[in-house]
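Only one structure is covered here, and it is reproduced in the block below.
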Amino acid sequence: MAVEVLWWLFAFLIVGTAIGVVTARTVIHSALFLLASLGGVAAMYVLLLVEFLALVQILIYGGAVAVLVLLALMLTRQAAGGEPVSLNGPQAPFAALAGIALAAVLVGAVVASSWPAAAADGPVDVPFEQISEALFEDFGATFILVSILLLVAAVGAIILARQEDAD
Amino acid sequence: MEFGDPFFGNSYIDAIIRLNIVVLVMTLVVIYLTYGERKVLGRIQQRIGPNRTGPGGLLQGFADALKLLSKEDLRPRNADRWVFELAPFAAFVPIFVILVTLPFAENWGVRNLSLGLFFVFSILGLNIVGILMAGLGSGSKYALLGGVRAAAQMISYEIPLVISLLAVAMLAGTFNLNEIVLLQETRPYIIVQPLAFVIFFTAMLAELHRAPFDIPVAESEVSGGYFIEYSGMRWSLFQLAEYTAMWAFSIFAAVVFLGGWAWPMGTEWGWGWQLFLTIAKSFALIFSMMWIRGTVVRLRIDQLMNFCWKGLIEISFALLLVNGFFLYYGWPEEVLALVQWAATIIFIGFIYTRGVRRSRANEYIGTYRNPEAATP
Amino acid sequence: MVPLENFLALSGILFAIGVYGVLARRSAVLVLMGIELMLNAVALNFVAFAAYLDPGQFAGVVIAVFIITVAAAEVGLALAIIIRYFRMQATSNVDEAAALKW
Amino acid sequence: MSTWPTTREMDIETDGFDTVDMSINVGPQHPATHGVFRMVLTVDGERVVDCEPYIGYLHRGLEKLTENADYRQSMGWWDRTDYLAGMCCEGAYCMAVEKLAGIEVPDRAEYIRVIMMELSRINSHFMFFGAFGADVGSMGTSFIYGWRERERIYDLMEEVAGDRMFPTYFRIGGVTMDLPDNFEQRCRWVLDSVKKGLEDFDGLLTGNEVFIERCRDLSPVTPEQGINWGLTGPMLRATGLKWDIRRAEPYSIYPHLKFEIPVGRQGDVFDRYMVRMAEAYQSVRIIEQCLDEMPKSGLVLNPSLPKTLRVNDAECYLRTEGTKGEYSIYAIAKGGNKPYRMKLRSPAFCSLSALREMVVGTYVADAIIILGSIDIVLGEVDK
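Residue numbers (the working numbering), protein chains in the order written: chain A, 402 to 568; chain B, -12 to 363; chain C, 3 to 104; chain D, 109 to 491.
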């Protein structure tokens, strides 16, 4: 029972803050809403009994969103309490239409589909030792690939963002 | 009744009771930590410290708390209202959540999480958000500067902090803090992993904004940093967060590196001794932090960043690699300890000689007595 | 017990909100936030499927880990590009980023 | 707060595009400004790209007041210029009037004056060590250590003059009253504790690697720059120039005393600190000599002075070595019992005018300690 209550609580939190992300008037609010939304998703992972993933989510996005906020601060000139301007383009109503349509299609598909009987058993507790085994043994090659991707991205980001002396 | 058993057999009631105990203890500890810090700093500075309220000033913390609670809750006119008002809570809650999994003695903790270590350092990362919120929401440039400094510093120092903890987790083979303590019954991990402890302690000082890394809250530069605009309750929440973090970090370091409640007494000495051991070890760490605060001057932000990115991170990665080799080939732990001690001595010696030689610190002492060599 | 459909519907709505964010926002940083929402919706979807339908295999969980990793890489790279662009064009507005070369 | 300048918040256009600069008001109420002083820093992240000092919050019209009062009445106001070393200011004012009117000072009074002025110098320098340490971030420990010696010196001054900070002890033509009986013994005890205090600062700051890393090579000033910017006192001597008014243009009994002029090499912040350390030590030396050599008894006030001091047309420029630099007075008398003009060249004011040159290009944290290293006293800057 308690799980259902918590689920609905976090579901509303996620959806509400996600709407906040896309409608907030300032970038900083947007980023903070994003953080709350991602935290809600982490809570969902806990409800799905994958605590490890929840902690990874918090660890990565806590830092990532902090950086995002900093950059938002740098890249928008309304840092020190300027007048809030509209951050949405003129295409926003059409985008809203597209979003609503997409949501309708996805939710409709989910509701209309019939799921295997196993779905009725509920989530299974996943010990994180087994996740690590799967991660490093079954998906070892992929893991290395992703690591290289991350490395390349990091190096590329540094090269791109570096301020050249010649500039 | 054992403390490991849930109170009243219901896990929800149990959690509520345990959390309340933790909150009460935490408040008391924080009140006496502020008192203790003022006393210790006072002794370092040849003062007496608070001595008026109650015997020996023991009630000073309560008086301060009362005063803070009754102060007006000011909000600057151009502050971002919700961000400003929620920031203290966002800064405080993660710190409080950490306390949930810390084992103060055998089975003395709110919850014994199997991912305890990971839980602690992932939740710690959220602390930045509250500070950034305070910095950006205050509408003050000092707060902005302090918040940005804090964010840069904390994001950077989180990396060596986490890696030094991972080094211990590798040896222990578990993230469970209780099991980590039990594994240290014969020898604490500081014996095996001294370098990791040195890195952890440095990064801990930086994460806590303690001197000499107190750049985000430097009074003489940004006059308080991110919480400059706060007053009354909200300010005291920041203060609560700061001292709770100090205490939680110290308990955590005592548990992970100093053997927690298990070393040197073992498990059979009963919970009183275990509790005493954990608290004593954590207070020793806190005292050393206060000592450093009273005597060392502040670094500059670029020196701080260089030290992290050009020193600590590389060394912590090397540490991780060495640990990996030892574990993979099954080489004995004694050799690992020897290697680590050698590395620690070299590391500290390198920093010391570099600092002393580059700055030639010893040459300056007393030179004013010889006017010709007054300033080499 | 929460049925699987709830998780799937939630992730669908989250994804749609992300799509709206990507389409409607002008600032590149905000577009990035929309993308983060979409990625998270997908990860939640995978984990829900893994937890309900695929016990003992963890493919969904592992993919969620990969998604988080890739999202981190993507944020880093995208922010670098945005900074670069901001330095050159003094804007982070995606509508104005119309030049193919400069 | 609309009077605060906001126009400086501008985008710095380079050939590319950089981040937005931000101006921060350091002061008027700020722990680092040592009084009511304001500097507006324009910062690019942590870098200072511009700095503009604003003064005048403590302006009291000292020079104008002096023109409207009897020569002896203004003494108390001159105390309050460099309020960390009140006796030095009194001494300068008295000597200026004496030079103007051609008044002799008894020998014993000269020795007493030098002792008190050098004690004031030590006093001021200890304030500098403490406050500078606090600027660099030693959590007030250095501050309290500095205050310990200052308290002892102030106690001694109270015994001598009846007041601690603004004693108004000097008189035109001597000093108010003779020293108390046990003065020599008390003074030697204070000097011993001052020496110990200097050693404490060695342990606390001088040998601290972090402190040296922060201060060494920060805003180095060459002797030419120092002269061009009008630096004097420890600021100028730190650049390596041996320039001390006590030697270059001696006054009082300084020609008879043995002391060295400590100099630095590169004029950076650390040299300024070290020069002051050495100066405090030399002041101890001077006082010890004075205690040894001074006449054990005798007059302390010229007895032939008229009740009302009237000076006919005269004009003089008197330079003294104040604690912050060259504390000089340009005095004109045109008859009557009041001076026609009393112009004070306050050293910290002149050093402060070089702040922008020294600060631009450094970090915010450095700007604070560069300001601290100038050792400003607002009473003297604003007059």
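By construction, the Cβ of each residue, glycine as well, lies at the ideal position given by its N, Cα and C atoms.
7 angstroms is my cut-off, CB to CB: does residue i come that close to chain B?
i: E538 of chain A; result: no
i: Y389 of chain D; result: yes
i: G541 of chain A; result: no
i: V377 of chain D; result: no
i: M130 of chain D; result: yes
i: A269 of chain D; result: no
Answer yes or no: do residue i and residue j have a C-beta to C-beta separation smaller than 7 angstroms?
i: R279 of chain D; j: L409 of chain D; result: yes
i: I478 of chain D; j: V467 of chain D; result: yes
i: S431 of chain A; j: L32 of chain C; result: yes
i: A235 of chain B; j: L169 of chain B; result: no
i: R380 of chain D; j: P414 of chain D; result: no
i: I288 of chain B; j: I202 of chain B; result: yes
i: V508 of chain A; j: A45 of chain C; result: no
i: S250 of chain D; j: G241 of chain D; result: yes
i: I352 of chain B; j: A467 of chain A; result: no
i: V383 of chain D; j: R345 of chain D; result: yes
i: S218 of chain B; j: P139 of chain D; result: no
i: G257 of chain B; j: E172 of chain B; result: no
i: M35 of chain C; j: V422 of chain A; result: yes
Going by DSSP, what residue range makes up the beta strand (DSSP E) through residue i?
i: S436 of chain D; result: E434 to A441
i: C424 of chain D; result: A422 to E429
i: N133 of chain D; result: M130 to V134
i: L452 of chain D; result: R449 to R453
Does chain A have any CB closer than 7 angstroms to the CB of residue i?
i: M40 of chain C; result: no
i: L123 of chain B; result: yes
i: G160 of chain B; result: no
i: S210 of chain B; result: no
i: F48 of chain C; result: no
i: S303 of chain B; result: no
i: Y22 of chain C; result: yes
Since residue i is in the alpha helix (DSSP H), which residue starts that stretch and which ends it?
i: V547 of chain A; result: G541 to A562
i: C295 of chain B; result: Run containing C295 of chain B: none; DSSP gives neither H nor E here.
i: T427 of chain A; result: Looking at the DSSP string, T427 of chain A is not in any alpha helix (DSSP H), and its letter there is neither H nor E.
i: D308 of chain D; result: F291 to F309
Can you check which of these residues, the options, is closest to residue i by C-alpha distance?
i: L287 of chain D; options: D:E267, D:T276, D:Q390 and D:G372; result: D:E267
i: L307 of chain B; options: B:L61, B:L245, B:L148 and B:F274; result: B:L148
i: F337 of chain B; options: B:I215, B:G298 and B:N310; result: B:G298
i: T189 of chain D; options: D:E218, D:H167, D:P403 and D:N176; result: D:H167
i: G44 of chain B; options: B:K26, B:T189 and B:L153; result: B:K26
i: D1 of chain B; options: B:I238, B:W95 and B:T354; result: B:W95
i: E434 of chain D; options: D:Y359, D:G248 and D:K404; result: D:Y359
i: L323 of chain B; options: B:F312, B:I333 and B:A193; result: B:F312
i: L264 of chain B; options: B:E93, B:L11, B:S(-2) and B:I82; result: B:E93
i: F79 of chain B; options: B:R34, B:V17 and B:V326; result: B:V17
i: E59 of chain B; options: B:G317, B:S223, B:I332 and B:G253; result: B:S223
i: M120 of chain B; options: B:A156, B:R68 and B:I273; result: B:R68
Within the 7 angstroms Cβ cut-off, does residue i reach chain D?
i: K128 of chain B; result: yes
i: Y351 of chain B; result: yes
In its own chain, which residues sit with a C-beta less than 6 angstroms from the C-beta of residue i, not counting the 5 before and 5 after it?
i: C458 of chain D; result: G338
i: Y165 of chain D; result: P136 and V144
i: G126 of chain B; result: P63, N65 and A66
i: L86 of chain B; result: V9 and A235
Could you tell me whether any Cβ in chain C is nearer than 7 angstroms to the Cβ of residue i?
i: E452 of chain A; result: no
i: A558 of chain A; result: yes
Looking only at its own chain, which residues have a Cβ that is under 7 angstroms from the Cβ of residue i, when we skip the five neighbours before and after it?
i: W255 of chain D; result: G238
i: K207 of chain D; result: C424 and L426
i: R354 of chain D; result: Y362 and E429
Between which residues of its own chain and residue i is the CB-CB distance below 8 angstroms, once the five residues before and five after are set aside?
i: I150 of chain B; result: I186, I300, S303, F304, L306 and L307
i: R418 of chain D; result: G443, G444 and N445
i: D568 of chain A; result: In this prediction, D568 of chain A has a pLDDT of 44, which is less than 50 and means its spatial position is unreliable; what the coordinates show is noted afterwards. No residues qualify anywhere along the chain.
Say the cut is 6 angstroms; is the CB of residue i nearer than that to a heavy atom of the ligand COA?
i: V33 of chain C; result: In the structure on display, the ligand COA does not appear, and there are no ligands present to speak of.
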